[in-house]
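Some notes on the structure that comes next.
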Amino acid sequence: MTKIITNFFATILLAFLLSFVMPWWSVMTAALATALFIPLKRAAVFFVPFFAILIFWAVYSFILSSGNDYTLAKRIAVLLPLSGNPYLLMLVTGIIGGLAAGVAAVFGKQITLMGNK
Amino acid sequence: MKYTKLIVSFVLTIGLFFILNTKLGSIPPIGKFLNPYSGIWQNETDEIVTGQINLPGLKDIVTVHYDEQLIPHVFAQNESDLYKAQGYLTAKHRLWQLEFQTYAAAGRLSEIIGEKALDYDRTERRRGMGYGADQAIAYMEENDKETLGYIQDYADGVNAYINQLKSEDYPVEYKLLDYKPEAWSPKKTALLLMYMTKMLAGGDEDLEYTNALRLFGKENFDFLFPDFFDITDPVIPKETNWDFIDVPQTALPESMAILDTISETISKPNPDNGSNNWAVSGAKSATGNPILANDPHLGLNLPSIWFVMQLSTPHHNAFGATIPGALSVISGFNEHIAWGETNATRDVIDWYKVEFNKDRTKYRYDGIWRDVKVRVEDIKIKGKKNYKDSVLYTHHGPVVFDKNFRGDNKLAGYAMRWIGHDGGNNQRTFIELNKAKNYDDYVKALKHWNAPAQNFVFASTEGDIALWIQGKFPNKWEGQGKFLMDGSNPENDWQSYIPQPFNAHTKNPDRGFVSSANQHPVDENYPYFVFNDGYETYRNRVINDYFNSKEKFDIEDFKDLHNNNYNLKAAEIVPYMLAHMDASSLSEEEMAIYDEIKAWTFNNDINEVGPSIFRQWYGKLYNLVWDEFDIEDIALTAPFTYQTIYLLKNHGNHKFMDIKETEDKTETAEDLFLIAFKEAAKRLIEIREEKGDYTWLKYKATYAGHLLQALPAFSRFDIPIGGDRNIVNATAENHGPSWRMIVEMSSPPTAIGIYPGGQSGNPGSKYYDNFIDDWAAGKYHHLYFMQSNKATEAIIGTQTLTPTNND
């Protein structure tokens, strides 16, 4: 359990720090790294970084958007189309980031397995 | 096993990265697009209107005060700094639009949106848009380094903004289409001015008329397309004396039109592009000060074509609507004068058939072979190889149509002679108008203006009102350029131009007002050849009747006139149709519609059904009358509305009334009224089923569409505003008064204005479309004309632009 919590927060922290020097796929790098150094098992390998980044991106989007009355989010939620619901757009944003992180973490896990007999 | 898993997970990771990082069809690269650090969430920002900004190259400090409408009031110490600041601020609020419009002008849209724009791009290049911009720059390099210098200042300002942007700051459209802004240059300003020239003087029907002449003969042609209608209420009053003109019209040579069959022509600007402007003299004004108004009718787009600014130096102080990409105020006022434009269309495009030698390196002219010049247009296409189009140039201009473009004749083509290619100095006119102090300055400023020809309305605090129709007009022989001409005959070339002082104009006319609404510039007494170039025949009469209706006018009257929904066209034909249609065969449902239009008093207000019924009825009728003009693979244009209505009322048995399809019957106008009415009723009932009712509000459903094909997310729909084309409030579905301004020439002038958009180009800003509701309701905003560089309560923030090395 501690590992899960450690991995969860480490992924968010690392993703946050890497975002200053890398493009959006910093979340993939972060999840890959935490998968290497804080290995998890089974479904947790995917879902912990998935939820970590989902929450990170969704909350970050919420903070940016709520300060501006969700003006643009409402419009982008028409474009995509998510029936104009800005919260749905935040969720989708989170899922996209989470998915990228989760898949990268699975790859990281496979690398760690290479070291084992 | 574990290798397989490793490889599978690796491929999955790379695959997902690729999908989220790549634009797929119209779907943006979704990871790039949605991530909160550099994606669209970064565009969820409030406007920054305070602080200090370094603007390299400034000579002095520039102060920018923003009012609550986000209008920047710019105080610079010299003109060079002023235009640098204008470029910077325009980029700051409208960068994507600024750049996109010049891509569109240059025929470079394929670079952004891919191969589907290739035909558009080729058309713009063959039209000579880039060539024309090059000519304008060359003219300024040769004759007017000062103006070119200011254009460079503007470019420096735009680039200063672009250079300080990080990718997360790019406007949302760049993220959506996945590209980056490029550096701005003076050529782009020239391209923008070409874009305006195309929009306002880029249409002609010469090739369509050529087909019509061949098919229907000269007598019919002259009857259907007369140079003047039976009524004219021209821009320059009829009683004007032209005796001062001592240069005659070019003598008529023996020239015959070339009667080719032309199947397809290039796209034309919206024929509704037009405008209203007017001014009343002090004597006709309730306050004793002249009052001036302008409302240009253009496509209703977001971001709006206009950006309102106050631009001042210690020597002048101008305020009004600017166009992103062009310097200074375009429609506005300063401390001394006010001015505004409407389009003064004239046939300034002619077509010449050109015959080539075998290898298309020479063309025949005056009995000899002349060299063809080749301009290779290299069109970049997103995701594809470049497309190279070699456009041949003759002394007439570009050979738009040839075997490589909408033509099949290997050894001939059609060359375009367009005033837009002549390298004018339009920017100079606006820069001088911004500084003009009186009538003489205004007249002097206009002399630099070639195209698109405009009706420049004028009023001054000294009490003058005036209107000049300014443009560079060929002095044509009678009938020249109505039809395709033989390009090898020198007599068909434009022989000379109407000397500028002989352009039609009026100053302080006896009637106490000047006005223009894209109608005939002059009546038959003007000594040069002017034929009907699609002139307006309704708005002008409503406006002039209004000003003849009483003695004095005030600002409220001006507002009422801007918002006037009276449909003179309907008033002139509907009672006749109702009186002459045999209604006995109408069903109960049709009869209900019949009663509705009968009760209509010809106002196109949003809650009326009359306008919708009329639109349907007249539309169907028009198509029935001109079924002869609907021929596959032959480019044709049907006669104008005014002449159509004239025919319906006065020549109801004319052979054009007959419907060709019905061989056993010869229809008359009265038969057509009924057939059209029944078709219209059927459609109206369908509309009622789709939309609940067919009130004008729902029928017209006015919208302001985003520049990217009215992308719904960034557009505004169902805007509650009445009016229509040919009505003073010229708001049709997606076209109408794009800027409404009223200025009273007190000292200093007081002004109100509004446009259907907002000052910000960012769809994430509350200032993106915040004017639309007030605009639709016929309201105006007070334009806060600051007289000194001192922030008051009306100012929400002040920004200082400072030179980089100003320690």
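Read top to bottom, the protein sequences are chains A and B.
Heads up, the first sequence is in the UniProt record's numbering, so the first residue is 1 and it goes up one at a time.
Heads up, the second sequence is in the UniProt record's numbering, so the first residue is 1 and it goes up one at a time.
The C-beta atom is built at its ideal place from N, Cα and C for all residues, glycine as well.
As the structure is a computational prediction, the values presented were derived from the model and not from experiment.
### Query
Under 8 Å between C-beta atoms, does residue 83 (chain A) make it to chain B?
no
### Message
Could you check whether the stretch 312-322 of chain B touches the stretch 70-81 of chain B, counting it as contact only if at least three pairs of C-beta atoms, one from each stretch, sit closer than 8 Å?
### Response
yes
### Message
Within a Cβ cutoff of 6 Å, which residues of the same chain sit near residue 807 (chain B), ignoring the five residues on either side of it in sequence?
### Response
Note on residue 807 (chain B): pLDDT 46, under 50, position unreliable in the model; no value is reported.
### Query
the stretch 258-292 of chain B: which residues have C-beta closer than 8 Å to a C-beta of chain A, in chain order?
none
### Task
Determine the closest residue to residue 342 (chain B) out of B:518, B:135, B:601 and B:687, with distance taken between C-alpha atoms.
B:518
### Message
Using beta carbons (cut-off 8 Å, strictly below), is residue 301 (chain B) in contact with chain A?
### Response
Contact of residue 301 (chain B) with chain A is not assigned, every C-beta pair being separated by 8 Å or more.
### Message
With a threshold of 8 Å between beta-carbons, can residue 24 (chain B) be considered close to chain A, or not?
### Response
Not an interface residue.
### Query
Looking at C-alpha atoms only, which residue of B:197, B:219, B:247 and B:264 is the closest neighbour of residue 207 (chain B)?
B:264
### Endpoints, the beta strand (DSSP E) within which residue 377 (chain B) is located
DSSP places residue 377 (chain B) in the uninterrupted beta strand (DSSP E) bounded by 373-379.
### Query
Smallest Cα separation from residue 68 (chain A): which of B:164, B:492 and B:46?
Here the closest residue by C-alpha is B:46.
#### Entry: Chain-ordered neighbours of residue 43 (chain B) on chain A, where CB pairs are closer than 7 Å
72
### Task
Using a Cβ cut-off of 9 Å, pull out every chain B residue sitting near residue 103 (chain A), in sequence order please.
9, 12, 13, 15, 16 and 17
### Query
What alpha helix (DSSP H) runs, 4 residues minimum, are completely inside the stretch 538-579 of chain B?
539-548 and 555-562
### Task
Quick one: using the 10 Å Cβ neighbour count with 16 as the cut-off for buried, is residue 700 (chain B) buried or exposed?
Answer is buried; the Cβ neighbour count reaches 16.
### Task
Please name the residue in B:40, B:585 and B:710 whose C-alpha comes closest to that of residue 178 (chain B).
B:40
### Task
Leaving out five residues on either side along the sequence, give the residues of the same chain with a beta carbon under 8 Å from the beta carbon of residue 613 (chain B).
593, 596, 597, 600, 680, 684 and 694
#### Entry: 8 Å Cβ cutoff, residue 352 (chain B) in contact with chain A
no
### Query
Does DSSP put residue 466 (chain B) in a helix, in a strand, or in coil?
strand
### Task
Please list, in chain order, all residues of the same chain as residue 462 (chain B) whose beta carbon is under 7 Å from its beta carbon, the five residues on each side excluded.
438
### Pair within 8 Å by beta-carbon distance, residue 520 (chain B) and residue 345 (chain B)
no
### Query
With burial defined as no fewer than 16 other Cβ atoms inside 10 Å of the residue's Cβ, what is the status of residue 234 (chain B): buried or exposed?
Counting the other Cβ atoms within 10 Å of the Cβ of residue 234 (chain B) gives 16 or more, which makes it buried.
### Query
Hey, out of B:268, B:86, B:569 and B:100, whose CA is closest to residue 309 (chain B)'s CA?
B:86
### Query
From B:258, B:728, B:749 and B:524, pick the residue whose C-alpha is nearest to that of residue 565 (chain B); which is it?
B:728
### Message
Please report whether the beta-carbon of residue 540 (chain B) lies at a distance below 8 Å from any beta-carbon of chain A.
### Response
no
### Task
Identify which residue in B:663, B:674 and B:605 has its Cα closest to the Cα of residue 622 (chain B).
B:674
### Task
Please confirm if residue 14 (chain A) has its CB atom under 8 Å from at least one CB of chain B.
no
### Message
Can you pull out the residues from the stretch 713-724 of chain B whose beta carbon lies closer than 8 Å to at least one beta carbon of chain A?
### Response
713 and 714
### Query
Hey, does residue 35 (chain B) have any beta-carbon neighbour from chain A nearer than 8 Å?
yes
### Message
For residue 481 (chain B), tell me which candidate among B:632, B:227 and B:401 has the shortest Cα-Cα distance.
### Response
B:227
### Task
Mind reading off the beta-carbon distance from residue 154 (chain B) to residue 83 (chain B)? Whole number of angstroms is fine, and I expect it under 8 Å.
5 Å
### Task
Give the range of the beta strand (DSSP E) segment to which residue 515 (chain B) is assigned.
Going by DSSP, residue 515 (chain B) is part of the beta strand (DSSP E) stretching over 513-516.
### Message
What I want to know is whether the C-beta of residue 789 (chain B) ends up closer than 7 Å to one or more non-hydrogen atoms of the ligand NAD.
### Response
No copy of the ligand NAD appears in this structure; indeed no ligand is present at all.
### Task
Output yes if chain A places a C-beta closer than 8 Å to the C-beta of residue 765 (chain B); else output no.
yes
### Task
Kindly give me the distance between the Cβ atoms of residue 325 (chain B) and residue 188 (chain B), rounded to whole angstroms, as I take these residues to be in contact under 8 Å.
Contact flag correct, Cβ pair sits at about 7 Å.
### Query
Per DSSP, which one or two residues make a beta bridge with residue 152 (chain B)?
Residue 152 (chain B) is not bridged to any residue.
#### Entry: Bounding residues of the alpha helix (DSSP H) (the contiguous stretch that carries residue 140 (chain B))
129-143
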